[in-house]
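Participant: My questions will all concern the structure given below.
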Amino acid sequence: MSKKVKVFAAVFMSFLLFLTGCSNSNSSSTGTEKSTTASAPAKTDKSELVVGLDDDPPQLDPHFSTAAVDRQVFHSIYDKLVDVDEELNFVPMLAEKWDISEDGKTYTFTLQKDVKFHDGTPFNAEAVKFNFERMMDPNTGSPRASELSSIEKIEVVDDTTLKVVLSEPYSPFLAALSDRAGMMVSPTAVKEKGKDFANSPVGTGPFKFVSRVKQDKIVVEKNADYWGGAPKFEKIVYRPYADENVRLTNLTSGDVDIISKVPPKDVEKLKNDSNLTLSETGALGFQGLYLNHKSEPFNNKALRQALDLVIDREAIIKVALRDTAVASAGAIPPGTWAYDESIKPKKKDIEKAKKIMADAGYPDGFEFTLQLSPKPVEEQISQMIQSMAKEAGIKVNLEMVEFGTMLDNMDNFKFDAVRLGWSGRTDPDGNIYALFNTEGSINYGYSNPKMDELLEQARVETDQKERKKIYSEATKLGQEEVPFIFIYHEKDYKAYKNNLQGYKHIADQMMRFHDVSFK
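Structure follows, in structure tokens:
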């Protein structure tokens, strides 16, 4: 029998209730209400699904991806070794079952039989070994490397059996394999295409990649030979709409069937649209400001602390987000098992911010540039931060940057600060280690030996209560060090036509369409 690891879904669901309590809405979180909204045109072609994304995915290779929007497409093209259900329990996918040794260091995976990649390459234990080694290879430069760093040995027992030996227990291992580190790419395609693999990706998923026109569409088609049974749709077209108003208009007009992100200002409107279903769940991530620790001004802890204190989180949530979020104290969201409610979000304190700057030799404040994506809600949040900072003598220059360019700037440390967040992971390690550890995949120059020690300790600790204590200590240290400016934890909203059936909204925010169809 495989040892199943269960995420405490009941606790997570309390996050939803908590968020709902913070909302002014009295309507159901997943239902719809009648209204006088004009009916969207009926779709005549029920073989094609059109998905409206909030941006153009920068990367279609999961081993290099760092953007949340990429993950909206991945579940169609790729399968993972492990998946999660609606209650965030780990469930089989490409791994039919798994056994974990008593010392927590050896994982034996039994793989699905007779699975093939879209190019005909057999999916087997050798393929999994190739994928792991690709991500772990320093020459690859994969952001997944830190998630697999505990792997000491990979042994192919036979075609359907793989043994992975860790150097020490690693509690988040299955969680990592339920996300991008568990997404399997075709070894043949990677070897043949090299760096061009992302432009014509090959996985084992329910849909095959067909084409892509950047900033216009990504097209995938049915994988009729899919090991899990052929999907209902013949084709899915993903269309990016960075402009939230355009995205919503395309949904209500009937040109788009489902959108991945609903603007906060439109939540109430969609709740009252009788032709649409609004689905919501608490997100596992966080939103705020990434800071460049390798250069001025944010290589100075005092200036990070000052900026942290000028932000009125509640005002941003009320005005820009229409009460669809809660203030953030750190990388771990409310309602999840590792959340420590005794650690409170920072409160706005202009006088304290001024004193910190004066003591650090900046009595007149300082100046920096904040990069943001060209979206109305991002612009509003950034303008509010700009105004709040001005009260303390901090000058914030706003620079709108296309999303893909923004990510490139971050990768190359061409930024002071960026208004962005993290979609979150089912295990807190995927949030806090990724952000705070020196080797973390979304760490931008912050390094603290004490923080590294805590986060490494949390990875090998198998007792959940002890892990929570460690994460609480790390969160408190983060509030002092300010590696990142935490502002809020948001709800995740999806909206889709009422004639769409079978869609399951899971808190990991990945969109799954294998079992979805039109009525």
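One gets my numbering by counting positions in the sequence shown from 1 and adding 904 to each. For each residue, glycine too, the CB sits at the ideal point set by N, CA and C.
1. Taking the continuous alpha helix (DSSP H) assigned at residue 1393, which residues delimit it?
2. Entirely within the segment 1138-1185 and at least 4 residues each: give me those alpha helix (DSSP H) ranges in chain order.
3. Could you round the C-beta distance between residue 1235 and residue 1190 to whole angstroms and report it? I think they count as a contact, below 8 Å.
4. When DSSP labels each residue in this structure, what does residue 934 get in the three-state scheme?
5. If you count every other CB in all the chains shown that lies within 10 Å of the CB of residue 1330, and 16 or more means buried, which is it?
6. From residue 1087 to residue 974, what distance separates their C-alpha atoms?
7. Given that a residue counts as buried once 16 or more other Cβ atoms are within 10 Å of its Cβ, and exposed if not, what is residue 944?
8. Buried or exposed: where does residue 995 fall if 16 or more other Cβ atoms within 10 Å of its Cβ makes it buried?
9. Classify residue 1046 as buried or exposed, calling it buried when 16 or more other Cβ atoms lie within 10 Å of its own Cβ.
10. Got a sec? Which residues, its chain only, sit under 7 Å from residue 1016 by beta carbon, not counting five neighbours each side?
11. Can you name the start and end residues of the alpha helix (DSSP H) that residue 1281 belongs to?
12. Residues in the same chain with beta-carbon distance under 7 Å from residue 1314, minus the five sequence neighbours each way, listed in chain order, please.
13. In angstroms, rounded to a whole number, what distance separates the CA positions of residue 965 and residue 1105?
14. DSSP puts residue 1014 in a beta bridge; with which residues?
15. Do you know how far the Cα of residue 1052 is from the Cα of residue 1361?
16. In whole angstroms, what separates the C-alpha of residue 1094 from that of residue 1172?
17. Please go through the same chain and pick out, in chain order, the residues whose beta-carbon is closer than 7 Å to the beta-carbon of residue 1026, but skip the five residues on each side of it.
18. Under a three-way DSSP split, which group does residue 1252 fall into?
19. With residue 1314 as the anchor, note down where its beta strand (DSSP E) starts and where it stops.
20. Have a look at 1311, 1184 and 981 and flag the residue whose alpha-carbon is nearest the alpha-carbon of residue 1196.
21. Can you name, in chain order, every residue of its own chain whose Cβ lies under 6 Å from the Cβ of residue 1275, other than the five neighbours on each side?
22. How would you call residue 1128, buried or exposed, if buried means at least 16 neighbouring beta carbons within 10 angstroms?
23. Going by beta-carbon coordinates alone, are residue 1084 and residue 955 separated by less than 8 Å?
24. What does the Cβ neighbour count give for residue 1167, buried or exposed, with the cut at 16 atoms within 10 Å?
25. Between the alpha carbons of residue 937 and residue 1405, how many angstroms are there, rounded?
26. Output the distance between the C-alpha atoms of residue 1334 and residue 1075, rounded to the nearest integer angstrom.
27. Hey, would you say residue 1385 sits closer than 8 Å to residue 1358, going by beta carbons?
28. Just checking, does the segment 1237-1248 make contact with the segment 1279-1287 on the three C-beta pairs under 8 Å criterion?
29. For residue 1219, is the classification buried or exposed, using 16 other Cβ atoms within 10 angstroms of its Cβ as the cut-off for buried?
30. Taking the alpha-carbon positions, what's the residue 1187 to residue 986 distance?
31. According to DSSP, which residues form a beta bridge with residue 1123?
32. Count the other C-beta atoms from every protein chain shown that fall within 10 angstroms of the C-beta of residue 989, then say buried if there are 16 or more, exposed otherwise.
33. Can you tell me the Cα-Cα spacing of residue 1273 and residue 1368, whole angstroms?
34. Grab me the residues of residue 1375's own chain with a C-beta within less than 7 Å of its C-beta, minus the 5 sequence neighbours each way, in chain order.
35. Which first and last residues belong to the alpha helix (DSSP H) in which residue 1337 is found?
36. Please report the straight-line C-alpha distance between residue 971 and residue 961, rounded to a whole angstrom.
Facilitator: To lay it out plainly:
1. Here the question's residue 1393 lines up with position 489 in the sequence shown. Taken as a continuous stretch (DSSP letters only), residue 1393 belongs to no alpha helix (DSSP H), being part of the beta strand (DSSP E) at 1388-1401.
2. With a minimum length of 4 residues, the continuous alpha helix (DSSP H) runs that stay inside the segment 1138-1185 are 1148-1157 and 1171-1175.
3. Within the sequence shown, numbered from 1, the residue matching residue 1235 stands at position 331. Within the sequence shown, numbered from 1, the residue matching residue 1190 stands at position 286. So it is a contact: roughly 6 Å between Cβ atoms.
4. If you number the sequence shown from 1, residue 934 lands on position 30. Because the pLDDT of residue 934 is 33, which lies under 50, any placement of that residue in the model is unreliable, and the number read from its coordinates should be weighed accordingly. Coil.
5. Looking up residue 1330 in the sequence shown gives position 426. With 16 or more other Cβ atoms within 10 Å, it is buried.
6. The sequence position of residue 1087 within the sequence shown is 183, counting from 1. The sequence position of residue 974 within the sequence shown is 70, counting from 1. Rounded to whole angstroms, residue 1087 to residue 974 spans 13 Å at the Cα level.
7. Position 40 of the sequence shown holds residue 944. Residue placement at residue 944 is poorly supported in this model, since its pLDDT is 47, which falls under 50; the coordinates still yield a value, given next. Counting Cβ neighbours within 10 Å, residue 944 comes out buried, since at least 16 surround it.
8. Indexing the sequence shown from 1 puts residue 995 at position 91. Burial call: exposed.
9. Along the sequence shown, read from residue 1 onward, the residue named residue 1046 stands at position 142. Residue 1046 is buried by the Cβ-count criterion.
10. Residue numbering aside, residue 1016 sits at position 112 when the sequence shown is read from its first letter. The answer, listed in chain order, is 998, 1000 and 1131.
11. Within the sequence shown, residue 1281 is the residue found at index 377, counting from 1. That run of the alpha helix (DSSP H) goes 1280-1294.
12. As a working mapping, residue 1314 is identified with position 410 in the sequence shown. Only 1194, 1322 and 1348 meet the Cβ criterion.
13. Locating residue 965 in the sequence shown gives position 61, counting from the first residue. Locating residue 1105 in the sequence shown gives position 201, counting from the first residue. If you take the alpha carbons of residue 965 and residue 1105, they lie about 7 Å apart.
14. One-based indexing of the sequence shown puts residue 1014 at position 110. Answer is 1001 and 1065.
15. Here residue 1361 refers to the residue found at position 457 of the sequence shown. Here residue 1052 refers to the residue found at position 148 of the sequence shown. Straight-line spacing of the CA atoms in residue 1361 and residue 1052 works out to 16 Å.
16. Here residue 1094 corresponds to residue number 190 of the sequence shown, with the count starting at 1. Here residue 1172 corresponds to residue number 268 of the sequence shown, with the count starting at 1. Cα to Cα, residue 1094 sits roughly 45 Å from residue 1172.
17. Position 122 of the sequence shown, counting from 1, holds the residue named residue 1026. Answer for residue 1026: 1020, listed in chain order.
18. Your numbering for residue 1252 matches position 348 in the sequence shown. The answer is coil: DSSP assigns residue 1252 none of H, G, I, E or B.
19. Sequence index remark: in the sequence shown, residue 1314 carries index 410 (1-based). Not the beta strand (DSSP E): residue 1314 falls in the alpha helix (DSSP H), residues 1307-1315.
20. Working through the sequence shown from its first residue, we reach residue 1196 at position 292. Of the candidates 1311, 1184 and 981, the one whose C-alpha sits nearest the C-alpha of residue 1196 is 1311.
21. To locate residue 1275, count along the sequence shown from 1; it is residue 371. Taking residue 1275 as the centre and dropping the five residues before and after it, the same chain places the C-beta of 1303, 1305, 1310, 1319 and 1322 closer than 6 Å to its C-beta, in chain order.
22. Sequence index remark: in the sequence shown, residue 1128 carries index 224 (1-based). Around the beta carbon of residue 1128, a 10 Å sphere encloses fewer than 16 other beta carbons of the protein chains shown; the residue is thus reported as exposed.
23. As a first step, residue 1084 must be located in the sequence shown, where it is residue number 180. As a first step, residue 955 must be located in the sequence shown, where it is residue number 51. Their beta carbons are not under 8 Å apart, which means residue 1084 does not touch residue 955 by this criterion.
24. Here residue 1167 corresponds to residue number 263 of the sequence shown, with the count starting at 1. Residue 1167 should be labelled buried.
25. Here residue 937 is taken as the residue at index 33 of the sequence shown, counted from 1. Here residue 1405 is taken as the residue at index 501 of the sequence shown, counted from 1. With a pLDDT of 31 at residue 937, under the threshold of 50, the modelled position of this residue cannot be trusted, and the question is left open.
26. Counting from one through the sequence shown, the residue named residue 1334 turns up at place 430. Counting from one through the sequence shown, the residue named residue 1075 turns up at place 171. The alpha-carbon atoms of residue 1334 and residue 1075 are separated by roughly 11 Å.
27. Translated into the one-based positions of the sequence shown, residue 1385 becomes position 481. Translated into the one-based positions of the sequence shown, residue 1358 becomes position 454. Cβ atoms of residue 1385 and residue 1358: not closer than 8 Å.
28. no
29. As a position in the sequence shown, residue 1219 is number 315, starting the count at 1. Label assigned to residue 1219: exposed.
30. As a position in the sequence shown, residue 1187 is number 283, starting the count at 1. As a position in the sequence shown, residue 986 is number 82, starting the count at 1. C-alpha separation (whole angstroms): 20 Å.
31. Translated into the one-based positions of the sequence shown, residue 1123 becomes position 219. Answer is 1115 and 1141, bridged to residue 1123.
32. As a first step, residue 989 must be located in the sequence shown, where it is residue number 85. Exposed, because fewer than 16 other Cβ atoms sit within 10 Å of the Cβ of residue 989.
33. Here residue 1273 corresponds to residue number 369 of the sequence shown, with the count starting at 1. Here residue 1368 corresponds to residue number 464 of the sequence shown, with the count starting at 1. If I take the Cα positions, the gap works out to 40 Å.
34. Taking the first residue of the sequence shown as 1, we reach residue 1375 at position 471. Correct list, in chain order: 1236, 1242, 1332, 1336 and 1362.
35. Within the sequence shown, residue 1337 is the residue found at index 433, counting from 1. That run of the alpha helix (DSSP H) goes 1333-1340.
36. Residue numbering aside, residue 971 sits at position 67 when the sequence shown is read from its first letter. Residue numbering aside, residue 961 sits at position 57 when the sequence shown is read from its first letter. Residue 971 and residue 961: Cα-Cα distance of roughly 7 Å.
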